[in-house]
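Enquirer: Handing you this structure, nothing more for now.
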Amino acid sequence: MNSYKDNLRKITPYVPGEQSKEKDIVKINANENPYPPSPKATAVLKDFNTESLRFYPNANATMLKKALAKYYGVGVENVFVGNGSDDVLALAFQSFFCSDKPIAYPDITYSFYPVWCDLFNIPYTTYPLDENFRINLEDYKAQNGGVVIPNPNAPTSLGEGEEFVRKLAEYNADSVVIIDEAYVDFGGYSSVQLTTEYPNLLVTGTFSKSRSLAGLRIGFAIGSSELISVLEAVKNSYNSYTVDSLSIAMGIASIEDDEYFKTTTGKVIATRTRVTDEMRALGFEVLDSQTNFILATHDGYSMKELFEYLKTKKVFIRYFSLPRIEKYVRITIGTDGEMDRFLAEVKNFLEGR
Ligand code: PMP
């Protein structure tokens, strides 16, 4: 017997870090920024004329694109904006990965990539990171339908430099290479400038991490005008208004407040250095992070148990029960106060075993 159920989409979705509404928690599980957005963005919200919400936003979000173009020193025709970088990446997968050949990305990486491949029927191959969780560039010489790599990578927190991205773009001149720079502002190398040299290179970014605006949903891409116009065409075949008027206005204010941006990213980096040192002193192995999170493990202790113990103490970190990283936990860098509470509970855990 046929049933409507036969035609329902079967898909395993991406699972984001838990969002808890409990009070007095330390929420360091979703790589959010512990500091508020720029006061200039807050001022825009306070003064926002809600009467203007009767109108659709500018479908091109031109003013936001102009602010990004100025900030990165590229043309406005080289900028695309979307509803968070997940939206931008999902559109980029649909726009650029139309080959029959599989796209390539590392075995340990952002777990949304395979979900989009499944959703959009894109074949893919993964290449294993080496034993130090580094990407082997030579793997990406093989024929492929495209490449996507976060730089720095997540959840490893490790970043690659200019030479790596140049070679990646050159090895793959026949396909589009996407560099997902969600975490780059915490000390990574940004390849935005290389997009003027490599027409097949697309760099994506987000306001969710370094600009403390995860709740607003603003992401962007920078690339050749050719790639950007294909992204625009695909977006306009799906949803013309992915960035709302309020996000456009607050996003511009955030971009224009570089001083605040530098202060808050600097604070996260300083706290990361301190927490890394203290955890190493407690016997943890902590990777050299270029992001707002760290990946850590400790011989002789189960990281799953640490994750569960911390949860009972209302300290939420992230544990992935996935091959190769099941011995690790991922900890987002919070305020110094939050990290003190985290470290105190970690010590309690180690002493109690
Ligand atoms: N890329 C990576 C590597 C991420 O970890 C995230 C955050 N989950 C994103 C992209 C998407 O972030 P957003 O949609 O908030 O811009």
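For the sequence shown, my numbering puts the final residue at 337, and the numbers step up evenly by one.
No residue lacks a Cβ here, since even glycine has one placed at the ideal position from N, Cα and C.
Short check: CB of D164 to CB of Y108, under 8 Å?
Expert: Taking a C-beta distance under 8 Å as the contact criterion, D164 and Y108 do not qualify as a contact pair.
Enquirer: Can you give me the C-alpha to C-alpha distance between L211 and D283, rounded to a whole angstrom?
Expert: 46 Å
Enquirer: Where does the unbroken alpha helix (DSSP H) through T190 begin, and where does it stop?
Expert: Element bounds for T190: not the alpha helix (DSSP H) but the beta strand (DSSP E), 185 to 190.
Enquirer: So, at 7 Å on beta carbons, what are the nonlocal neighbours of S229 in its own chain, with the 5 sequence-adjacent residues on each side left out?
Expert: S36, L37, P41
Enquirer: Measure the alpha-carbon distance for T180 versus V330 and round it to whole angstroms.
Expert: 46 Å
Enquirer: Within the same chain, show all residues whose beta-carbon is closer than 7 Å to that of F77, passing over the 5 residues directly before and after it, in chain order.
Expert: W100, F104, I106
Enquirer: Measure the CB-CB distance between A205 and V187 and report whether it falls below 8 Å.
Expert: Their beta carbons are under 8 Å apart, which means A205 touches V187 by this criterion.
Enquirer: Rounded to a whole number of angstroms, what is the C-alpha to C-alpha distance between K288 and K311?
Expert: 8 Å
Enquirer: Under a Cβ-count criterion, where at least 16 other Cβ atoms within 10 Å of its own Cβ denotes burial, should F148 be classed as buried or exposed?
Expert: buried
Enquirer: Here's the rule: buried if 16 or more other CB atoms are within 10 angstroms of the residue's CB, otherwise exposed. What is K49?
Expert: buried
Enquirer: Whole angstroms are fine: how far does the CA of Y244 sit from the CA of E335?
Expert: 40 Å
Enquirer: From D91, I12, L29, K(-6), pick the residue whose C-alpha is nearest to that of P307; which is it?
Expert: D91
Enquirer: On the CB-based measure, 16 or more other CB atoms within 10 Å of its CB, does T190 come out buried or exposed?
Expert: Classification for T190: buried.
Enquirer: Buried or exposed for S22, please, with buried defined as at least 16 other CB atoms from any protein chain shown within 10 angstroms of its CB.
Expert: buried
Enquirer: Could you name the residues of the same chain whose beta carbon sits closer than 8 Å to that of F291, not counting the 5 residues immediately before and after it, in chain order?
Expert: I301, R302, Y303, V313
Enquirer: Determine the burial state of Y222: buried for a count of at least 16 other Cβ atoms within 10 Å of its Cβ, exposed for fewer.
Expert: The residue in question, Y222, is exposed, as its Cβ has fewer than 16 Cβ neighbours within 10 Å.
Enquirer: Along the chain, which unbroken stretches of the beta strand (DSSP E) at least 3 residues long are found entirely within the region 147 to 218?
Expert: Here the runs fully enclosed are 161 to 164, 185 to 190, 203 to 207.
Enquirer: Only counting the same chain, and skipping five residues up and downstream in sequence, which positions put a Cβ closer than 7 Å to that of L215?
Expert: F64, L75, A76, S79, A205
Enquirer: Please name the residue, chosen from K24, E16, G66, L121, that lies closest to L152 on a Cα-to-Cα basis.
Expert: Closest option to L152, Cα to Cα, is L121.
Enquirer: To the nearest whole angstrom, what separates the beta carbons of I317 and T247, a pair I think is in contact under 8 Å?
Expert: So it is not a contact: roughly 15 Å between Cβ atoms.
Enquirer: Give the DSSP-derived three-state secondary structure of L75 in the structure shown.
Expert: helix
Enquirer: By DSSP, does L306 sit in helix, in strand, or in coil?
Expert: coil
Enquirer: Please state whether DSSP places F268 in a helix, a strand or coil.
Expert: coil
Enquirer: Report, in whole angstroms, the separation of the C-beta atoms of V131 and A88, which I expect to be a contact under 8 Å.
Expert: 5 Å
Enquirer: Do N15 and ligand 1 come close, with the Cβ less than 7 Å from some heavy atom?
Expert: Yes, the beta carbon of N15 sits closer than 7 Å to at least one heavy atom of ligand 1.
Enquirer: What residues in its chain sit with their C-beta under 8 Å from that of F39, if we drop five residues either side in the sequence?
Expert: S229
Enquirer: Go through its chain and collect everything with a Cβ distance to E2's Cβ below 7 Å, but skip five positions before and after it.
Expert: N13, F300
Enquirer: What are the complete alpha helix (DSSP H) segments, minimum 4 residues, inside the region 15 to 62?
Expert: 23 to 30, 46 to 56
Enquirer: How many Å lie between G235 and G129 at the Cα?
Expert: 33 Å
Enquirer: Measure the alpha-carbon distance for T226 versus G203 and round it to whole angstroms.
Expert: 10 Å
Enquirer: Tell me which residues pass a beta-carbon proximity test against ligand 1: closer than 5 Å to any heavy atom, given in chain order.
Expert: Here the residues come out as G68, S69, D70, Y94, P134, A138, D164, A166, T190, S192, G203.
Enquirer: Taking L279 and P139 to be in contact with their CB atoms under 8 Å, please state how far apart those CB atoms are, rounded to whole angstroms.
Expert: 6 Å
Enquirer: Specify the secondary structure class of P139 as computed by DSSP and reduced to three states.
Expert: coil
Enquirer: For the alpha helix (DSSP H) that P98 lies in, which residues bound it at each end?
Expert: 96 to 104
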